[in-house]
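The structure appears right after this line, and notes come after that.
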Amino acid sequence: MSLIGKLSNLEILKLEYGDSEGDTWTTKDDESKKFKFLKLLHLDLKHWNSSSNHFPILERLVLYFCEKLEEIPSEFGNIPTLQKINVHYCGKYVENSALEIREEQQDTGIEEFEVTIHS
Numbered sequence: 001m002s003l004i005g006k007l008s009n010l011e012i013l014k015l016e017y018g019d020s021e022g023d024t025w026t027t028k029d030d031e032s033k034k035f036k037f038l039k040l041l042h043l044d045l046k047h048w049n050s051s052s053n054h055f056p057i058l059e060r061l062v063l064y065f066c067e068k069l070e071e072i073p074s075e076f077g078n079i080p081t082l083q084k085i086n087v088h089y090c091g092k093y094v095e096n097s098a099l100e101i102r103e104e105q106q107d108t109g110i111e112e113f114e115v116t117i118h119s
């Protein structure tokens, strides 16, 4: 997914149906600074390594049918702009990590943080 870093003004990213290379996505500091919306659909990702400073202004995360994904990076709980996570048919581990991120956001005083889960 190194091509992403070349799209410096991109605010919305939708990765679908095998757009990933391999089963691990490790984001980098220069890849995703301006993303506000990130949607992952039917990817074969198993591991997602990321930091909150990789997505500093992310507002919404949507995951559909990422059944192999083990978790949403816990660092997403430290993104102050994150308002909503939607999880659709991704498995219990991803669902649990979304709920943990919601707890972390609420612990920091962000009461309107929303998690929607469809399983």
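Heads up: the sequence shown runs through residues 1 to 119, numbered per UniProt numbering. By construction, the Cβ of each residue, glycine as well, lies at the ideal position given by its N, Cα and C atoms.
Sub-9 Å separation of residue i and residue j beta-carbons
i: residue 99; j: residue 65; result: no
i: residue 82; j: residue 62; result: no
i: residue 77; j: residue 101; result: yes
i: residue 45; j: residue 23; result: yes
i: residue 71; j: residue 93; result: yes
i: residue 50; j: residue 27; result: yes
i: residue 95; j: residue 117; result: yes
Distance, residue j Cα to residue i Cα
i: residue 54; j: residue 47; result: 16 Å
i: residue 121; j: residue 115; result: Given a span of 1 to 119 for the chain in the structure shown, any question on residue 121 remains unanswerable.
i: residue 74; j: residue 108; result: 14 Å
i: residue 31; j: residue 12; result: 13 Å
i: residue 60; j: residue 103; result: 16 Å
i: residue 36; j: residue 52; result: 13 Å
i: residue 113; j: residue 86; result: 11 Å
Buried or exposed (CB count within 10 angstroms, at least 16 for buried), residue i
i: residue 16; result: exposed
i: residue 105; result: buried
i: residue 119; result: exposed
Continuous beta strand (DSSP E) stretch holding residue i: start and end
i: residue 64; result: 60-64
i: residue 43; result: No beta strand (DSSP E) contains residue 43, which DSSP labels as neither H nor E.
i: residue 108; result: Taken as a continuous stretch (DSSP letters only), residue 108 belongs to no beta strand (DSSP E), as it is neither H nor E.
Every unbroken beta strand (DSSP E) within the region 69-100, with a cutoff of 3 residues, ordered by chain:
Runs of the beta strand (DSSP E) lying entirely within the region 69-100 and spanning at least 3 residues, in chain order: 84-88.
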